[in-house]
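Everything in the sequence shown is counted per my numbering, starting at 1258 for the first residue and increasing by one. Notes to accompany the following structure.
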Amino acid sequence: MISAKGYAAQTPTTSLAPFTFERRDPGPRDVAIQIKYCGVCHSDIHLTRNEWGGSGFPMVPGHEIIGRVTAVGSNVTKFKTGDRAGVGCMVDSCRTCPNCADGEEQYCSTGTTFTYNSPDIKNGGQTYGGYSNMIVVDEAFALRVSPKLDPASAAPLLCAGITTYSPLRHWNAGPGKTVGIVGLGGLGHMALQFARSFGAHVIQFTTSPSKKADALRLGAHEVVMVNDPNALAARKSSLDLIVDTVSAPHDLAGLLLTLRRDGSMVLVGVPPEAPQVPPGALIFGRRSLAGSLIGGIRETQEMLDYCAEHAIASQIETIPIQKINEAYDRVLKSDVKFRFVIDMATL
Ligand code: NAP
Ligand code: ZN
Ligand code: ZN
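Okay, structure coming up:
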């Protein structure tokens, strides 16, 4: 076993603090990665505070990982020592069920092994994430990261990037489509850039007047204050697709009514409480309400390569690990433009 260090939450109500633990020795198909940067996702906050239920402690969060390969197993073909590598939200799956066979490992029918807070089949206990100095992962779940990408601003692509790229591709955001993005946070600012890059007409919905200029700079054609009923009413039945990234309870009905006939609203944000959905808002217009979970490994690689080719990255504020608890408080106040990334050299 390899001694590793990181930051962990010991209970849902304690601050994150230094923690030491063990990683497995790399097996034949494993790569060992020295972690350089890890993004701070709102899911890290939901999970460390047990807002969804089922959290296991101690918990080392973090699933937006960029680092350098320091060792490879004898059967590894995708990486060599010294390569840059990324790890996102998953580290394993069954690889044989129909969902895995389709490259949609996040929907593995026998249970995806998530990067943290999942049962660790190989080590026992539970998996530990990227707020740490190193990780050992099967090469099938490690991503190649182009040297064209800045490593710190590429880290959030591993969750915020793929979680928004995947539904925008699945629901065919592109030329001739009007796409709404709800919430301009870590996920939202990636969704906005992808939707614009894919050629859609993009409307950014926000509660923060202070983000209007940033939304326009990131590619929005229009910015709408989502709490203004008149502004929503003015866009009644005009959007093809909405991607909702909001992390807290909020009204869905007004947004659903902005969809045209057969339009879809895709939830990617996971507020801890269930939303109210008036059936009429779906029925009159044959509208759909859907959800989407991250994206498969093949599509994550496609997204990273797309970002390298089209110069798309996350807008980040880099922090030392010692500022992680303060960063969580600031995320909850929507006071970050637009993703915190931990510089793991400070650990
Ligand atoms: P974030 O950076 O905190 O962004 C959320 C944004 O939602 C905020 O910036 C804010 O945007 C808006 N918002 C917050 N509270 C609101 C409220 N009460 N009413 C209306 N809008 C509000 O969070 P994130 O990291 O992007 O994550 C967003 C959500 O996605 C979280 O619930 C997270 O767990 C979930 N998530 C899901 C997946 C998946 O696979 N489905 C993957 C990753 C994360 P404005 O200031 O513009 O209003
Ligand atoms: Zn995430
Ligand atoms: Zn499977």
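Think of the CB as a built atom: it goes at the ideal place given N, C-alpha and C, for glycine as much as any other residue.
For the 8 Å CB-CB criterion, Val1523 and Asp1501 form a contact. Nearest in C-alpha terms to Ala1491, of all of His1478, Arg1426, Asp1519 and Leu1512, is Leu1512.
At least one heavy atom of ligand 3 is found less than 7 Å from the C-beta of Arg1352. Distances between the C-beta of Ile1551 and the heavy atoms of ligand 1 include at least one below 7 Å.
Counting C-beta pairs closer than 8 Å gives fewer than three between the segment 1326-1338 and the segment 1300-1318, which falls short of the contact rule.
Here Gly1553 is buried, its C-beta having at least 16 other C-beta atoms within 10 Å. In this structure Gly1319 touches Gly1386 by the C-beta definition: roughly 4 Å separates them, less than 8 Å. By the Cβ neighbour-count rule, Phe1541 is exposed, with fewer than 16 other Cβ atoms within 10 Å of its own. For the segment 1290-1377, the continuous alpha helix (DSSP H) assignments of 4+ residues that do not extend past its boundaries occur at 1299-1305 and 1355-1358, in sequence order. Under the DSSP assignment, Lys1469 falls in the alpha helix (DSSP H) whose first and last residues are Lys1469 to Leu1475.
The beta carbons of Lys1493 and Val1480 sit about 18 Å from each other, so the pair does not count as a contact at 8 Å. With a cutoff of 7 Å, Ser1366 counts as near ligand 3, since its C-beta is closer than that to a heavy atom of the ligand. In this structure, Ala1477 lies near Leu1449, with their beta-carbon atoms less than 8 Å apart.
Taking 7 Å as the cut-off, the C-beta of Cys1346 does not count as close to any heavy atom of ligand 3.
By the beta-carbon neighbour count (other beta carbons within 10 angstroms, threshold 16), Gly1339 is exposed. Beta-bridge partners of His1427 (DSSP): none assigned. Buried is the label assigned to Asn1374, since at least 16 other Cβ atoms lie within 10 Å of its Cβ. By alpha-carbon distance to Thr1277, the top candidate from Gly1284, Thr1463, Gln1267 and Ala1568 is Gln1267. Between the alpha carbons of Ala1411 and Phe1451 lies a distance of about 14 Å. With a threshold of 16 other beta carbon atoms within 10 Å, Arg1280 meets it and is buried.
Counting only residues whose CB is nearer than 5 Å to a non-hydrogen atom of ligand 2, the list in chain order is Cys1298, Ser1300 and Cys1416. Taken through DSSP and simplified to helix, strand or coil, Asp1519 comes out as strand. Residue range Leu1496 to Asp1501 is occupied by the beta strand (DSSP E) that includes Leu1498. Within the segment 1505-1566, the runs of alpha helix (DSSP H) that reach at least 4 residues and sit entirely inside it are, in chain order, 1510-1513 and 1536-1540. A direct Cα-to-Cα measurement between Leu1489 and Val1593 gives close to 26 Å. Listed as beta-bridge partners of Ile1573 by DSSP are Arg1596. Listed in chain order, the non-local C-beta contacts of His1458 below 6 Å within the same chain comprise Thr1435 and His1478, local neighbours out to five positions each way being set aside.
Taking one beta carbon from each stretch, the segment 1582-1599 and the segment 1293-1303 have 3 or more pairs nearer than 8 Å; the two touch.
Sequence-distant partners of Glu1308 (beyond 5 residues in either direction) whose C-beta falls short of 6 Å from its own C-beta, in its chain, are Pro1529. Distances from the CA of Gly1324 to each of Ser1260, Val1527 and Ser1389 were compared; the closest alpha carbon is that of Ser1389. Set against 7 Å, the gap from the CB of Thr1463 to the closest heavy atom of ligand 1 is smaller.
Per DSSP, Val1480 is one residue of the beta strand (DSSP E) stretching across Glu1479 to Met1482.
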